[in-house]
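The structure appears below as structure tokens.
As structure tokens, this is what we get:
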């Protein structure tokens, strides 16, 4: 390496100080492009960032023909290996062209469009301290002569500093964005959780409870329990996937359910309307499995429609257990839902009726398989005389213990109805 003048070394140290004094990505980009131009005593500079998602270079900032900052270049994409910048990015080697128009690799079209005359051109890769390609810098037209060997050494050192500063600002910006997303998801979860009942309504002769635990900040499950003149209407919904999109779908189902009840719709009409609306509003890949139950406290009959939702567990007071599968397709797939009359289950004193999303039975434990329906039935049987909320809590705790406390792969939501003795 040639002896770099002391004045240049001081300028490099000053550049490092300037670039390290801000985390704002725009300020860092401005600092980088100006430092490259000024330290190398050139007319202009351009900075490209590497987009790892597409493996392309993206122009972020450049000096215009008049030497001022020009954003019109921003967003231009260059594939890896294409042109001088793409070649430098691919090979990670500096290219120094003393006479641009004598080199076939230089694209003269840009000069023709801008009216600028490129004489000399120095293109250098910006490599992070971890070896990651951060971008490429191009410095145009040395004011005195052409770029020499010492300029290449200075450019390499300067590019390394710029790469560290740009990577730092990217990481900080990503962290800020991530924190904002997390805050937004936390708010979304609070909003979604606020739509769930704090507790089941008081139903004469019955004890009921429901609970939902999302796998992520926002879940694709919902549940509801609504008092009506004949007793109560129950809902358990499970949208495909989990996260914000499914959460919107199931919240839509819950909202439409409440509106339909206000309008006096019966269960069959209600489900048909919900299905048609979901078919119109959501893509075919996003559907909702849902269970609707109308409990008539006068006849003690539970009228049920299980649209893709199952199993339904009916634990009788005498110890018999009936496990029922879904009796209709999921909502949001077929506009004309083949729907029979609601299935009628009679609730005798001491009977339990339990519905859960598949996050329970399909919860897996290494070496033990899935939690399964039988374990749920065992807990229901053992705790049949306990308050419904305690029984539901026991099932949730048993699943957590079974999986070793591992994060849930799917949302877990359940509803339990118990007729008092």
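In this note's numbering, the protein residues as written are 12 to 432. Glycine included, every Cβ here is placed at the ideal spot set by N, Cα and C. None of these values were measured; they are calculated from a predicted model.
Check                                                                                                                : Outcome
CB of residue 134 within 8 Å of CB of residue 106, strictly                                                          : yes
Every unbroken beta strand (DSSP E) inside the stretch 352 to 396 [3 residues or more]                               : 354 to 357, 363 to 367
Three-state secondary structure assigned by DSSP to residue 454                                                      : With the chain covering 12 to 432 only, the question about residue 454 has no answer from this structure.
Residues near residue 65 in its chain [Cβ-Cβ closer than 6 Å; skip 5 each side]                                      : none
Integer Cβ distance of residue 99 from residue 247, believed to fall under 8 Å                                       : Residue 99 to residue 247, Cβ: 58 Å. No contact.
Own chain, CB closer than 6 Å to residue 89, minus 5 neighbours either side, in chain order                          : 68, 96, 97
Other residues of its chain near residue 359: CB distance less than 8 Å, five sequence neighbours each side excluded : 311, 327, 328, 430
Any alpha helix (DSSP H) of 4 or more consecutive residues that is wholly inside the stretch 73 to 106               : 94 to 102
Integer-rounded CB distance, given that residue 337 should sit under 8 Å from residue 318                            : 7 Å
Buried/exposed call for residue 356, threshold 16 Cβ in 10 Å                                                         : buried
Beta carbon of residue 217 nearer than 8 Å to that of residue 308                                                    : yes
Span of the alpha helix (DSSP H), counted from its first residue to its last, around residue 52                      : Where residue 52 is concerned, there is no enclosing alpha helix (DSSP H), given that its DSSP letter is neither H nor E.
Sequence-distant residues of the same chain with beta carbon closer than 6 Å to residue 300, five excluded per side  : 249, 319, 320, 341
C-beta contact flag for residue 148 and residue 131 at 8 Å                                                           : no
Secondary structure, beta strand (DSSP E): runs of 3+ residues fully inside the stretch 282 to 341                   : 299 to 307, 312 to 318, 323 to 326, 332 to 335
CB contact flag (residue 417, residue 402, <8 Å)                                                                     : no
Sheet register partners of residue 61 (DSSP bridge)                                                                  : 68
For residue 269, three-class secondary structure by DSSP                                                             : helix
CA nearest to the CA of residue 371, picked from 331, 349, 420                                                       : 420
Secondary structure of residue 345, DSSP reduced to three states                                                     : coil
Alpha-carbon to alpha-carbon, residue 59 and residue 142                                                             : 17 Å
DSSP state of residue 250 mapped onto helix, strand, coil                                                            : strand
Within 8 Å, strictly: CB atoms of residue 297 and residue 251                                                        : yes
Beta-carbon proximity list for residue 138, same chain, < 8 Å, skipping 5 on both sides                              : 103, 144, 145, 170, 171, 174
Closest Cα partner of residue 277 within the set 289, 156, 314                                                       : 314
Best match in 92, 77, 93, 72 for proximity to residue 83 [C-alpha to C-alpha]                                        : 72
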